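In this note's numbering, the protein residues as written are 13 to 401. One structure is given here, and the rest of the page talks about it.
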Ligand code: SAH
Ligand code: SF4
């Protein structure tokens with residue numbers, strides 16, 4: 013090949029590379045494997061976004077690395093904290109799509125809720141992400157960047173920072189098991205000691221039940237698992253979770269049980285059940301659910317439906333939710349009703365971003381407002397509009 017015919021291989025973004033991918037990169041460059049751990053620490057433990065800041069790499073090595081890779085982080089276009097401490101970020105990804113991430117502080121833990129796709133193809137009838145259709149998969153870098161941004165904002169940039177993010181849940185936008193490779197790479201980084209070091213028990217992948225991918229998961233990870241069940245029988249689940257027509261409840265529960273029983277430690281499946289008024293919240297449903305889960309070690313998380321425009325569904329009254337919970341408690345299950353958090357910044361985990369495109373336009377207006385030096389009042393009003401969308 014002549015000089016002019018030479019085609020450059022695209023540079024990888026260091027942000028989304030796992031330890032083993034970085035090791036391969038360094039070996040390929042004729043360097044030692046331990047460089048991978050150094051780079052991971054700079055990026056993820058210290059929140060650095062500049063290869064030149066990695067001062068335990070020689071200048072020559074840094075230049076060499078810059079020839080092979082970039083270090084691109086998303087642009088944060090919105091950052092708000094609700095009265096109850098829930099914090100939400102809106103990040104602009106390359107290509108102009110916006111992704112939301114939410115941090116939920118509780119007395120004994122801090123949970124970050126992350127997205128795996130922009131939109132979702134699975135079209136569950138009660139989900140606003142599903143209603144907006146599928147846009148695209150997030151890359152591993154885009155998934156882990158949600159943790160990178162949140163950790164930097166919450167924990168600062170020193171290596172010995174106090175960890176406030178103790179748990180991560182894939183309960184934002186998208187079906188993580190339909191973006192398998194990128195999600196597995198991101199989970200790897202979440203658990204990697206040189207990166208975020210979060211315990212395998214505290215990283216939870218939530219799925220609506222992509223059975224072949226649940227079966228494949230065990231070869232790649234040992235994170236925790238949540239199943240979005242939402243109905244105690246196939247007839248009802250077919251209606252609200254269309255994927256059920258492909259993989260029915262029995263087959264799906266079996267795949268989850270097999271994944272968990274192959275883990276080295278004992279772990280329970282989390283069952284997510286969105287309570288929709290007069291659709292799946294009758295006492296008969298609770299009884300049927302109790303029967304269905306009899307042989308599944310699990311805890312049940314009830315999520316009162318989060319309304320959005322034109323959904324055609326309603327949130328049940330507290331009385332109905334409590335009645336449903338009490339029936340399961342009486343049957344001996346560990347059940348909680350998820351509290352709505354961050355309502356004043358519209359940060360309900362499990363139902364992030366209503367109208368993404370609309371929000372992107374709003375956030376663009378906000379960026380413009382910042383760039384042209386608008387008054388504080390104008391910016392606050394632009395921010396308010398994003399928050400209420
Ligand atoms: N696709 C994955 C993960 C993202 S959805 C899954 O379905 O599990 C995360 C959780 O939020 C799921 O349990 C989902 O059913 C729930 N959810 C979606 N829309 C909701 C709504 N409007 N109200 C309450 N929970 C909702
Ligand atoms: Fe997709 Fe999960 Fe929403 Fe269903 S509930 S449409 S799988 S994001």
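Quick reminder that beta carbons are idealized off the backbone N, C-alpha and C, glycines included. As the structure is a computational prediction, the values presented were derived from the model and not from experiment.
CA-to-CA, the gap between residue 246 and residue 261 works out to about 6 Å.
Short note on residue 323: C-beta not closer than 7 Å to any heavy atom of the ligand SF4.
Going by beta carbons, residue 183 and residue 218 fall inside the 8 Å limit. Between the segment 314-331 and the segment 280-287 there are three or more C-beta pairs closer than 8 Å, enough to call the two in contact. Checking the 7 Å criterion, the Cβ of residue 75 is out of range of every heavy atom belonging to the ligand SAH. Of the heavy atoms belonging to the ligand SF4, at least one sits nearer than 7 Å to the Cβ of residue 141. If you check the C-beta of residue 134 against the ligand SF4, you find a heavy atom less than 7 Å away.
Ranked by Cα distance from residue 203, the first of 164, 159, 331 and 96 is 159. Pairwise C-beta distances place the segment 76-84 in contact with the segment 21-30, as three or more of them are shorter than 8 Å. Check the Cα spacing between residue 304 and each of 241, 328 and 348: the tightest is with 241. Closest in alpha carbon position to residue 107, among 154, 335, 328 and 314, is 154. Non-local beta-carbon contacts of residue 161 in its own chain, meaning distances under 8 Å to residues more than five positions away in sequence, involve 85, 86, 88, 101, 103 and 113 in chain order. Counting of Cβ neighbours within 10 angstroms places residue 65 among the exposed residues, the total staying below 16. Boundaries cannot be given for residue 41, as no alpha helix (DSSP H) includes it and DSSP labels it neither H nor E.
Remark: the C-beta of residue 186 is in contact range of the ligand SF4, defined as less than 7 Å to any heavy atom. In the same chain as residue 53, and ignoring 5 residues on each side of it, the C-beta atoms closer than 6 Å to its own belong to 206, in chain order. The ligand SAH approaches residue 318 closely enough that one of its heavy atoms is under 7 Å from the residue's Cβ. Along the segment 75-121, the beta strand (DSSP E) occurs as fully enclosed runs of 3 or more residues at 87-93, 99-104 and 110-117, listed in sequence order. Counting only runs of 3 or more residues that sit fully inside the segment 264-352, the beta strand (DSSP E) segments are 281-287, 310-316 and 346-349, in chain order. Here residue 22 is exposed: its Cβ has fewer than 16 other Cβ atoms, across all protein chains shown, within 10 Å.
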